[in-house]
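First residue of the sequence shown: 1, per our numbering; consecutive thereafter.
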Amino acid sequence: MATINGAALMARSLKEQGVDYMFGIVGFPVQGVASAAQDAGIEFIGMRNEQAASYAAHAAGYLTGRPQACLTVSGPGVIHAFAGLANAQQNCWPMILIGGASPIYQNGMGAFQEERQVELATPYCKYAHAIEHTSRIPFYVAEAVRNSLYGRPGAAYLDFPDDIIRGEVDESEVVSANRVGDPPRTLADPEAVEEALSVLESAERPLVIVGKGMAWSRAEDEVRAFMERTQLPFLASPMGKGILPDDDPLSVGAARSTALREADVVFLMGARLNWIMHFGLPPRFSENVRVIQLDIAQEEIGRNVAPEVALVGDGKAVTQQLNTALTNRQWFYPAETEWRATLQAKASENAEAVKPMIDDDSSPTNYYRAFRDIEDWLPDDAIIIGEGANTMDIGRTQMLNRRARHRLDAGTYGTMGVGLGFAIAAAVTNPDKPIVSVQGDSAFGFSGMELETMVRYNLPVKLIVLNNGGIGGGVGPLEKGRRVPPNILTYGARYEGMLEALGGKGMYVSDPADLRSALDEVMEHDGPAMINVPLNPRAGRKPQKFGWLTT
Ligand code: ADP
Ligand code: MG
1 MATINGAALM ARSLKEQGVD YMFGIVGFPV QGVASAAQDA GIEFIGMRNE QAASYAAHAA
61 GYLTGRPQAC LTVSGPGVIH AFAGLANAQQ NCWPMILIGG ASPIYQNGMG AFQEERQVEL
121 ATPYCKYAHA IEHTSRIPFY VAEAVRNSLY GRPGAAYLDF PDDIIRGEVD ESEVVSANRV
181 GDPPRTLADP EAVEEALSVL ESAERPLVIV GKGMAWSRAE DEVRAFMERT QLPFLASPMG
241 KGILPDDDPL SVGAARSTAL READVVFLMG ARLNWIMHFG LPPRFSENVR VIQLDIAQEE
301 IGRNVAPEVA LVGDGKAVTQ QLNTALTNRQ WFYPAETEWR ATLQAKASEN AEAVKPMIDD
361 DSSPTNYYRA FRDIEDWLPD DAIIIGEGAN TMDIGRTQML NRRARHRLDA GTYGTMGVGL
421 GFAIAAAVTN PDKPIVSVQG DSAFGFSGME LETMVRYNLP VKLIVLNNGG IGGGVGPLEK
481 GRRVPPNILT YGARYEGMLE ALGGKGMYVS DPADLRSALD EVMEHDGPAM INVPLNPRAG
541 RKPQKFGWLT T
């Protein structure tokens with residue numbers, strides 16, 4: 001009977017499990033694994049740093065609904081990729097990291113790039129295991145896929161030693177594994193569904209918070225039906241944006257702080273009361289706020305705030321349960337209430353506060369003026385990647401999302417440097433959509449060499465770097481001989497020239513009057529393109545009632 005080697009068996013197993021993309025960097029001992037993946041019909045994207053490759057893998061997992069793979073060399077390659085493993089785990093997104101490893105028969109001998117990879121991966125993963133027999137590869141791949149995908153999604157790690165990769169086994173000895181189906185959708189306790197609706201009915205100042213758990217569970221149709229039926233005010237978490245359109249009349253995102261602080265009932269839909277939501281605690285939330293919590297992870301229930309009602313189950317299925325239960329009720333949240341009026345007034349006040357900055361045509365420009373043109377230009381179906389401090393925070397409010405899973409950013413872990421990896425993943429998995437990445441100059445720099453990856457695969461990503469010459473704020477050009485402050489980057493650095501040098505298109509737009517036409521020009525370009533926009537280094541956000549990270 002025919003034999004098969006470890007590399008080919010890994011590729012075949014991944015493909016059979018619905019892993020269609022592999023991001024990584026080849027070298028010892030995984031060179032053959034990438035080639036075998038290509039032979040098996042997996043799209044292999046060779047990148048420039050494992051960190052960016054691991055970011056790309058989990059963004060691809062989130063966008064496609066199946067875990068995708070990252071492939072690295074042993075030792076340092078695996079260590080670099082832990083950045084993405086940790087980020088995937090924190091975001092609750094699936095991915096499989098396949099780490100090449102030194103041969104088992106050299107364990108403990110000081111082998112080339114020998115490292116205790118499984119032990120090190122374990123805290124960042126739902127599942128981490130070494131493959132110790134070539135014949136059992138399909139079993140481990142199935143375990144990695146199921147663990148990463150089922151329940152609350154997360155990261156999986158497979159250690160793939162050189163001798164297992166090169167090992168040959170007879171096909172008859174291969175341990176077969178079933179294809180892991182899509183996750184079974186779990187339902188909430190029907191009594192809790194009724195209770196949740198009764199609590200919402202009793203609210204004076206209700207607020208729904210829609211998080212990325214709903215985006216992951218593809219619940220957008222059900223959530224829309226629920227909101228249309230109940231007419232409740234809602235706001236979206238940073239990546240919950242787009243499940244409902246940001247410009248939906250029920251959205252109170254423009255009055256976020258007030259909505260959080262004064263709501264008497266909060267319905268958390270696939271969102272966590274972590275730092276992003278100020279832990280659900282005073283002074284950012286009302287002391288006696290009543291919480292309804294929908295989450296797939298039982299162990300998330302009650303973290304920081306004990307909910308009055310827990311809906312444990314799959315977001316899409318549970319929202320459907322709510323919608324069905326609503327057919328037996330007359331209630332909906334009335335059109336005219338004091339609460340709606342309060343939120344509306346606050347939203348208008350906030351819009352007024354930023355209007356002078358939006359209208360300010362002076363050069364160098366400020367964030368709001370730049371985002372005015374970007375928002376005006378952004379196609380509705382664009383996947384938007386945003387990262388950087390002010391660039392991300394202001395961009396989140398100024399660039400509207402109207403579709404689910406069309407926004408990627410620094411996420412739960414607050415990771416800077418994810419942008420180029422995410423943009424590559426979005427472009428590879430969604431070749432028909434515009435991919436727009438808006439980054440600060442610092443955020444861009446973490447993975448800047450991935451521009452070459454974009455050129456090599458001709459990925460038509462449109463990059464906009466809002467360049468204030470600093471981490472957070474900048475100071476403008478530095479006098480010679482002056483000590484360089486820790487947060488300062490070169491003001492006016494020509495990042496677009498890097499992309500030009502590598503074969504893409506770059507534009508430097510120093511006068512905001514030229515921004516709109518430049519945006520049109522890069523969209524026309526068939527390939528990666530960047531607009532580098534120098535900002536007034538002192539440009540910032542509108543004054544905030546609460547400072548960053550205040551509780
Ligand atoms: P956000 O940043 O949008 O608030 P988080 O990542 O903090 O989102 O929270 C998302 C929550 O969604 C997590 O607690 C996770 O357990 C939950 N979740 C993941 N998948 C599902 C699903 N299929 N159905 C419901 N909840 C889910
Ligand atoms: Mg900056």
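Using N, Cα and C, we set each Cβ at its ideal position, and we do this for glycine too.
When the Cα of residue i is compared with those of the options, which residue comes out closest?
i	options	result
glycine 151	Ser102, Ala493, Glu349 and Gly270	Gly270
leucine 281	Ala297, Ile296, Thr186 and Ala263	Ala263
histidine 129	Gly110, Ile96 and Ala111	Ile96
leucine 519	Glu450, Tyr495, Arg541 and Val436	Val436
glycine 154	Thr134, Ala101, Gly213 and Ala192	Gly213
glycine 242	Thr397, Gln89, Pro183 and Ala56	Thr397
glycine 492	Leu273, Ile137 and Val509	Val509
serine 362	Ala425, Asp511 and Arg229	Asp511
aspartate 182	Arg494, Ile209, Asp189 and Ser148	Ser148
glycine 473	Ala325, Gly481 and Pro486	Pro486
asparagine 87	Asn107, Ala156 and Phe44	Ala156
serine 176	Ala404, Ser135, Gly240 and Ala11	Ser135
isoleucine 384	Asp314, Arg405 and Gly100	Arg405
alanine 37	Ile488, Met227, Leu14 and Arg66	Leu14
glutamine 298	Ala2, Val465, Ala40 and Thr186	Thr186
tyrosine 556	Met10, Ala60 and Leu207	Nothing about residue 556 can be read from this structure; the chain reaches only from 1 to 551.
tyrosine 127	Ile137, Glu143, Glu114 and His133	Glu143
isoleucine 552	Arg403, Gly414 and Asp360	Nothing in the structure corresponds to residue 552, since the chain is present only between 1 and 551.
leucine 378	Pro460, Met399, Thr64 and Met227	Met399
My assumption, with CB atoms under 8 Å, is that residue i sits in contact with residue j. Please give the rounded CB distance.
i	j	result
tyrosine 21	isoleucine 4	Actually they do not touch by this definition, with Cβ atoms about 22 Å apart.
proline 434	aspartate 381	7 Å
glutamate 50	glycine 75	About 11 Å; that fails the 8 Å criterion.
alanine 351	alanine 254	7 Å
proline 534	glycine 470	The pair is not a contact, with the Cβ atoms about 12 Å apart (cut-off 8 Å).
alanine 59	alanine 426	7 Å
serine 102	glutamate 119	Between glutamate 119 and serine 102 the Cβ distance is about 14 Å, and since that is not below 8 Å, they are no contact.
alanine 53	glycine 411	17 Å between Cβ atoms; not a contact.
isoleucine 104	phenylalanine 160	The pair is not a contact, with the Cβ atoms about 11 Å apart (cut-off 8 Å).
With DSSP as the reference, label residue i as helix, strand or coil.
i	result
asparagine 532	strand
leucine 250	coil
aspartate 380	coil
phenylalanine 82	helix
histidine 58	helix
aspartate 264	coil
serine 148	helix
glutamate 43	strand
leucine 408	strand
isoleucine 4	strand
arginine 541	coil
Buried or exposed, going by whether 16 or more other CB atoms sit within 10 Å of the CB of residue i?
i	result
arginine 372	buried
tyrosine 124	buried
phenylalanine 285	buried
serine 237	buried
lysine 355	exposed
phenylalanine 446	buried
proline 568	As shown, the chain starts at 1 and ends at 551. That puts residue 568 outside it, with no answer to give.
alanine 566	This structure gives no information on residue 566, because the portion of the chain shown stretches from 1 to 551.
asparagine 328	exposed
valine 522	buried
glycine 388	buried
serine 202	exposed
glycine 386	buried
Would a C-beta distance cut-off of 7 Å place residue i and residue j closer than the cut-off?
i	j	result
aspartate 376	methionine 392	no
lysine 578	alanine 513	What is shown of the chain runs 1 to 551, which leaves residue 578 out entirely.
glutamate 222	lysine 316	yes
glycine 506	glutamate 496	yes
tryptophan 93	tyrosine 62	yes
isoleucine 394	arginine 541	yes
tyrosine 367	asparagine 390	yes
leucine 311	leucine 294	yes
aspartate 441	valine 475	no
aspartate 199	glutamate 308	In the sequence on display, residue 199 carries valine and not aspartate. Result yes, Cβ atoms of valine 199 and glutamate 308 sit closer than 7 Å.
leucine 273	arginine 256	no
alanine 34	phenylalanine 44	yes
valine 291	valine 266	yes
isoleucine 131	isoleucine 79	no
threonine 453	arginine 48	yes
glycine 313	alanine 188	yes
valine 208	leucine 232	yes
Tell me, please, whether the CB atom of residue i is closer than 7 Å to any CB atom in chain D?
i	result
tyrosine 127	Given the protein chain composition of this structure (a single chain), no chain D is represented.
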